[in-house]
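For the sequence shown, the numbering used here gives the first residue as 4, with consecutive numbering after it.
Ideal placement from N, C-alpha and C gives every residue a C-beta, glycine not left out.
The structure displayed is predicted, hence computed values, not measured ones.
For reference, the structure discussed in these notes is given below.
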Amino acid sequence: MSEIRAIINEAKVVAKMRGETYQWFARIFANELTESDVTLYQEGALNTLLALFSEIGLALEVDQVKSAIDRFSEIEHVEVELRADFASCFLLDDQSGAIPYASLYLGDGDMMYAEAERKMRELLSKSGLAILDSFKEPSDHLAIYLALLQKWCEQLVRDLEAQDEDSTLLKSEYIAQQTFLQEGLLLWVPLWNERLQRVTNCRCTFYSAMGSLLVAYLLADNDYLTAEIERLIALDV
Numbered sequence: 004m005s006e007i008r009a010i011i012n013e014a015k016v017v018a019k020m021r022g023e024t025y026q027w028f029a030r031i032f033a034n035e036l037t038e039s040d041v042t043l044y045q046e047g048a049l050n051t052l053l054a055l056f057s058e059i060g061l062a063l064e065v066d067q068v069k070s071a072i073d074r075f076s077e078i079e080h081v082e083v084e085l086r087a088d089f090a091s092c093f094l095l096d097d098q099s100g101a102i103p104y105a106s107l108y109l110g111d112g113d114m115m116y117a118e119a120e121r122k123m124r125e126l127l128s129k130s131g132l133a134i135l136d137s138f139k140e141p142s143d144h145l146a147i148y149l150a151l152l153q154k155w156c157e158q159l160v161r162d163l164e165a166q167d168e169d170s171t172l173l174k175s176e177y178i179a180q181q182t183f184l185q186e187g188l189l190l191w192v193p194l195w196n197e198r199l200q201r202v203t204n205c206r207c208t209f210y211s212a213m214g215s216l217l218v219a220y221l222l223a224d225n226d227y228l229t230a231e232i233e234r235l236i237a238l239d240v
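Right under this line is the structure:
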């Protein structure tokens, strides 16, 4: 097997995992946990995923998430409390909560429907994606950015399945994904997470732990893309 074929095969596996990871994060920040979600998390449904996070250096953030889930059993009517926490963090005002709209953090004068929202609508249009009518949020909502990365990773797997041993596609896609990650998410998600950590009226620590895990994962994914881009450039020399 040629080196480039081995890299492409590895990239398909990793892209599938990255897509599933972004899908999970998108769901966490798009909607409240259901009673079934809470039960599954308490039964260890996240163990494999959290172990993968630990393997890439996110053990501290993983421990925070595990600790938050462990405390579910200590809280009466935890599903209700988690719904209240979700509202406090993401649905109320931007003074006491941490509203997950890019426009609030990118210097657009705190206008939700501003430049970041317009750019996201353009990206959605170019990618052939649309926001579900049931999701009553602007296009610059964090969950939509994450869902776009999910779909992007899924499309990359399909594209790599269809192409020959050529690193050009993979390199160009990694560069584009990294640009989106850096300019579309890392410019504002750490600021959003700082605000999330300051929300004081939550009964559970789940969402603050998830915010920290997301930021750590975005940084790790950026590092991964950097290393892979350099690896592919070296093959062209």
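1. Near G112, which residues of its chain fall below 6 Å by C-beta distance, leaving aside the five closest residues on each side in sequence?
2. When the Cβ atoms of the stretch 166–186 are set against those of the stretch 87–97, are three or more pairs found closer than 8 Å?
3. Alpha carbon to alpha carbon, what distance is there between D239 and K174?
4. Rounded C-beta distance between E168 and I7? I'm assuming under 8 Å.
5. Taking C-beta to C-beta, are E164 and K15 nearer than 8 Å?
6. Is A117 buried or exposed, if buried means 16 or more other CB atoms sit within 10 Å of its CB?
7. Reducing DSSP to helix, strand and coil, say where T108 ends up.
8. Let's test the definition: count the other Cβ atoms within 10 Å of the Cβ of E231 and tell me whether it reaches 16, buried, or not, exposed.
9. Count the C-beta pairs between the stretch 188–197 and the stretch 70–78 that are closer than 8 Å, then say yes if the count reaches three, no if not.
10. Measure the beta-carbon distance from S215 to E64 and round it to whole angstroms, keeping in mind my assumption that it falls under 8 Å.
11. In whole angstroms, give me the CA-to-CA distance for L55 and Q200.
12. Check each candidate in G100, Q98 and L36 and name the one with the smallest Cα separation from H80.
13. Is G187 buried or exposed, if buried means 16 or more other CB atoms sit within 10 Å of its CB?
14. Can W27 and L43 be called in contact, C-beta distance under 8 Å?
15. Between the alpha carbons of E176 and L228, how many angstroms are there, rounded?
16. Thinking just about the alpha-carbon of each residue, which of E82, L49, E157 and A150 is nearest to the one in D66?
A quick look at the data gives this:
1. Its pLDDT being 47, under 50, G112 is placed unreliably in this model, and the value from its coordinates should be taken loosely. Counting only Cβ-Cβ distances below 6 Å, and skipping sequence neighbours, we find nothing.
2. no
3. The alpha-carbon atoms of K174 and D239 are separated by roughly 10 Å.
4. At roughly 5 Å, the Cβ-Cβ gap stays under 8 Å, so E168 and I7 are in contact.
5. The answer is yes: Cβ separation under 8 Å.
6. No answer about A117 holds up, because its pLDDT of 47 lies below 50 and its placement is not dependable.
7. Reading the sequence as shown, one finds Tyr at residue 108 and not Thr. The answer is coil: DSSP assigns Y108 none of H, G, I, E or B.
8. buried
9. No contact exists between the stretch 188–197 and the stretch 70–78.
10. With a Cβ gap of about 5 Å, S215 and E64 count as contacting.
11. 24 Å
12. Here the closest residue by C-alpha is L36.
13. With 16 or more Cβ atoms within 10 Å of its Cβ, G187 is classed as buried.
14. no
15. 10 Å
16. Out of E82, L49, E157 and A150, the CA that lies nearest to the CA of D66 is found in L49.
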